[in-house]
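Q:
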Amino acid sequence: MEPETLVSRTKRMPGKRSPHCEYRRYARHKRAIVVALAVLVAGVATLSMTIGSADLSVVDVVLALFGGGDEYDRIVVWNLRMPRVLTALVGGVALAMAGCAFQSTLRNPLASASTLGISQGAAFGASVAIILLGANGAAAYEGVQFSSNPYVTVVCAFLGAMASTLVVLGLSRLREMTPESIVLAGVALSALFAGGTTMIQYFAEDSQVAAVVFWTFGDLSRVSYRELAIMGCVTAVSAVFFFLNRWNYNAMESGEAAAHGLGVNVRSVRLAGMFVAAAAAASIIAFCGIINFVGLVAPHVMRRFIGSDYRYLLPASAFAGAGLLLVSDIVAHAVVAPLILPIGAITSFVGAPMFLYLLFKGVSR
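Heads up, the working numbering is the position in the sequence shown plus 37, with the first residue counted as 1.
1) If you follow the alpha helix (DSSP H) that L362 is part of, which residue opens it and which one closes it?
2) Which whole-angstrom value is the C-beta distance of R341 and L350, which I expect to be below 8 Å?
3) Shortest alpha-carbon distance to G154 belongs to which of G388, S345, A353 and M311?
4) Helix, strand or coil for N329? Go by DSSP, reduced to three states.
5) For A131 and S275, which I take to be in contact (beta-carbon distance under 8 Å), what is that distance rounded to the nearest angstrom?
6) In the DSSP assignment, the alpha helix (DSSP H) including F240 goes from what residue to what residue?
7) Can you tell me which of the three DSSP states D97 falls into?
8) Counting only the same chain and skipping the five closest in sequence on each side, list residues whose C-beta sits under 6 Å from that of F397.
9) Check for me: the alpha helix (DSSP H) holding S85 runs from which residue to which?
10) What is the DSSP secondary structure of M450, reduced to helix, strand or coil?
11) Rounded to a whole number of angstroms, what is the C-alpha to C-alpha distance between A73 and P336?
12) Would the beta-carbon of A133 fall within 8 Å of that of V306?
13) Kindly give me the distance between the Cβ atoms of V271 and S164, rounded to whole angstroms, as I take these residues to be in contact under 8 Å.
14) Beta carbon of H297, beta carbon of G89: below 8 Å?
15) Under 8 Å, do G106 and G358 count as touching if we go by C-beta distance?
16) Helix or strand or just coil, what does DSSP make of D92?
17) Take the Cβ of C325 as the centre, count every other Cβ of all protein chains shown within 10 Å, and call the residue buried at 16 or more, exposed below.
18) Under the three-state reduction of DSSP, which class applies to R259: helix, strand or coil?
19) Just mark I112 as buried or exposed, buried being the case when its beta carbon has 16 or more other beta carbons within 10 Å.
20) Within the continuous alpha helix (DSSP H) that includes S156, where are the two ends?
21) Tell me, please, whether the segment 243-261 touches the segment 280-289 by the rule of three or more beta-carbon pairs shorter than 8 Å.
22) Buried or exposed: which applies to F103, given that a residue is buried once 16 or more other Cβ atoms fall within 10 Å of its Cβ?
23) Under 7 Å Cβ to Cβ from S261, same chain only, skipping five residues before and after it: list those, please.
24) Mapping the DSSP letters down to three states, classify S291 as helix, strand or coil.
25) Report the rounded CA-to-CA distance for M289 versus M214, giving the unit in angstroms.
26) Rounded to the nearest angstrom, how far is the Cβ of A198 from that of A273, given a contact under 8 Å?
27) By the DSSP assignment, the alpha helix (DSSP H) with E108 in it spans what residues?
28) Assuming A150 and A318 make a contact with CB atoms under 8 Å, what is their CB distance in whole Å?
29) Assuming the contact rule is C-beta atoms closer than 8 Å, I168 and T190 should be a hit. Round their C-beta distance to whole Å, please.
30) For the candidate residues N287, A247, T253 and R210, whose alpha-carbon lies nearest to that of A231?
31) Report yes if the C-beta distance between L84 and V95 is below 8 Å; otherwise report no.
32) Alpha carbon to alpha carbon, what distance is there between Y347 and P56?
33) Where does G180 fall in DSSP's three states?
34) Near V387, what residues of its chain come up, given a Cβ to Cβ distance below 6 Å and the 5 sequence neighbours on each side ignored?
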């Protein structure tokens, strides 16, 4: 007679599953959610390419993507709408993954590029470029003057965003700061940069102030394929970094003491994660302007559906961020067409009610 084992005992108990089967079922469920999100984002991206002044159907877009259809449709899709859609995809992925990393490393659900001073630092850098460095030229679009030397503005915005991050990281190294103190330092820097931006604008000409305001509105259409390649490279490198640290983030979810016990250097993981996340968010903001709530809302929504396992939360948040930015872009183009609303305002209108709903739902529980 064969000795009884755990496997044979489990086979005789129809209501019980082995731990291995439970884990496979758990992993299959999480992967199915991520795949479903990817398919949904692909569909929304295709729909987004039908929105614009040129009337194109989904069939026209699909034919143009595969080299068929009219030449005019192919020009519209590949030269005008594809860069915008890819920018929304890359931007949403970068901002959402950065927000997810911020919330993990700081163990604070409110940590994002906005609350850590990155967005306001970028706005300050853009103001310096346009007003003080003369990046504002005589070019105009629909009566609004904007920067005729955008790369100076992009570089200054990126440096301003990273300056805020480096100040926060420097303070945390000079003195042991708790994650809560780091977030508060970011809020203080946001106020400081906002005050600096206001003072610069106060002494500027009307056309320069208009250019700064136009930049802060946020716009996905201003990005070319060359700039998109830069954004994509930064996003890809940051995604690889986050993927390699997914187990560290899982360990930190149980607290710093538990993470130390598992061999995680919490301080190094926190500082490196914040720097990489800030670089990813800064690269998007520098090219596209200020885009709010994507990095804050997307990880929160996905935690409701997929839990806090960063092996699945990171890609799920990335797809959710891309979908949120695509939906916001569709709304911006469709509500008062042919006028295009600022993408930053739309993400706030879409993201803020969603975040409040999640907040009050959590409080009620």
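All C-beta atoms in this analysis are idealised placements derived from N, C-alpha and C, irrespective of residue type, glycine included.
In this text the structure is predicted, and so the values were computed from the model without any measurement.
A: Here's the rundown:
1) For the purposes of this step, residue 362 is taken as the residue at position 325 of the sequence shown. It spans Y347 to A371 - the alpha helix (DSSP H) in which L362 sits, taken as one unbroken run.
2) For the purposes of this step, residue 341 is taken as the residue at position 304 of the sequence shown. For the purposes of this step, residue 350 is taken as the residue at position 313 of the sequence shown. Under the criterion of beta carbons closer than 8 Å, R341 and L350 do not qualify as touching, at roughly 11 Å.
3) On the sequence shown, residue 154 is found 117 positions in, with the first residue counted as 1. Ranking G388, S345, A353 and M311 by Cα distance to G154 puts M311 first.
4) For the purposes of this step, residue 329 is taken as the residue at position 292 of the sequence shown. For N329, the secondary structure class from DSSP, reduced to helix, strand or coil, is coil.
5) Counting from one through the sequence shown, the residue named residue 131 turns up at place 94. Counting from one through the sequence shown, the residue named residue 275 turns up at place 238. For A131 against S275, the beta-carbon gap comes to about 7 Å, under 8 Å, which counts as contact.
6) The residue you call residue 240 lines up with position 203 of the sequence shown. In the DSSP annotation of this structure, F240 is not part of any alpha helix (DSSP H), being labelled neither H nor E.
7) As a working note, residue 97 is residue 60 in the sequence shown. Of the three classes helix, strand and coil, the one that applies to D97 here is helix, per DSSP.
8) Locating residue 397 in the sequence shown gives position 360, where the first residue counts as 1. Closer than 6 Å at the Cβ level, and outside the excluded window around F397, lies no residue.
9) The count along the sequence shown starts at 1 and reaches residue 85 at position 48. Segment P56 to S85, the alpha helix (DSSP H) holding S85.
10) There is no way to answer for residue 450, as the model of the chain reaches only from 38 to 402.
11) Locating residue 73 in the sequence shown gives position 36, counting from the first residue. Locating residue 336 in the sequence shown gives position 299, counting from the first residue. One C-alpha to the other measures close to 16 Å.
12) As a position in the sequence shown, residue 133 is number 96, starting the count at 1. As a position in the sequence shown, residue 306 is number 269, starting the count at 1. Inclusion of A133 and V306 in the CB contact set at 8 Å is not warranted, their separation being larger than that value.
13) For the purposes of this step, residue 271 is taken as the residue at position 234 of the sequence shown. For the purposes of this step, residue 164 is taken as the residue at position 127 of the sequence shown. Contact flag wrong, Cβ pair sits at about 23 Å.
14) Reading the sequence shown from its first residue, position 260 is the one you call residue 297. Reading the sequence shown from its first residue, position 52 is the one you call residue 89. At least 8 Å separates the beta-carbon of H297 from that of G89.
15) Numbered from its first residue, the sequence shown carries residue 106 at position 69. Numbered from its first residue, the sequence shown carries residue 358 at position 321. No.
16) By 1-based counting over the sequence shown, the position of residue 92 is 55. DSSP places D92 in the coil class of the three-state scheme, outside both helix and strand.
17) Your numbering for residue 325 matches position 288 in the sequence shown. A residue is called buried when at least 16 other Cβ atoms come within 10 angstroms of its Cβ; C325 meets this threshold and is buried.
18) Residue 259 sits at position 222 when you count from the first residue of the sequence shown. Looking at R259 - three-state DSSP - the assignment turns out to be coil, as it is neither helix nor strand.
19) Within the sequence shown, numbered from 1, the residue matching residue 112 stands at position 75. By the 10 Å Cβ count, I112 comes out exposed.
20) To locate residue 156, count along the sequence shown from 1; it is residue 119. For S156, the enclosing alpha helix (DSSP H) covers residues I155 to S164.
21) No, the segment 243-261 does not touch the segment 280-289.
22) Within the sequence shown, the letter at position 66 stands for residue 103. Using a 10 angstroms sphere on the CB of F103, the tally of other CB atoms stays under 16, which defines it as exposed.
23) Reading the sequence shown from its first residue, position 224 is the one you call residue 261. The beta carbon of S261 sits closer than 7 Å to those of P120, all from its chain and outside the five residues before and after it, given in chain order.
24) Residue numbering aside, residue 291 sits at position 254 when the sequence shown is read from its first letter. Judged by DSSP in its simplified three-state form, S291 adopts coil rather than helix or strand.
25) Working through the sequence shown from its first residue, we reach residue 289 at position 252. Working through the sequence shown from its first residue, we reach residue 214 at position 177. Here the C-alpha atom of M289 lies approximately 16 Å from the C-alpha atom of M214.
26) In the sequence shown, the residue the question calls residue 198 occupies position 161. In the sequence shown, the residue the question calls residue 273 occupies position 236. That belief does not hold up - the Cβ atoms of A198 and A273 are roughly 19 Å apart, past 8 Å.
27) As a working note, residue 108 is residue 71 in the sequence shown. Residues E108 to I112.
28) Translated into positions along the sequence shown, residue 150 becomes position 113. Translated into positions along the sequence shown, residue 318 becomes position 281. Cβ atoms of A150 and A318 come within 8 Å of each other, at about 4 Å.
29) By one-based count along the sequence shown, residue 168 stands at place 131. By one-based count along the sequence shown, residue 190 stands at place 153. The pair is not a contact, with the Cβ atoms about 11 Å apart (cut-off 8 Å).
30) Here residue 231 refers to the residue found at position 194 of the sequence shown. Per the Cα distances, T253.
31) As a position in the sequence shown, residue 84 is number 47, starting the count at 1. As a position in the sequence shown, residue 95 is number 58, starting the count at 1. In this structure, L84 lies near V95, with their beta-carbon atoms less than 8 Å apart.
32) Looking up residue 56 in the sequence shown gives position 19. Looking up residue 347 in the sequence shown gives position 310. In a straight line, the C-alpha of P56 is about 21 Å away from that of Y347.
33) Translated into positions along the sequence shown, residue 180 becomes position 143. Only weak support exists for where G180 lies, its pLDDT of 47 falling under 50; the coordinates are left without a value.
34) In the sequence shown, counting from the first residue as 1, residue 387 sits at position 350. S365, listed in sequence order.
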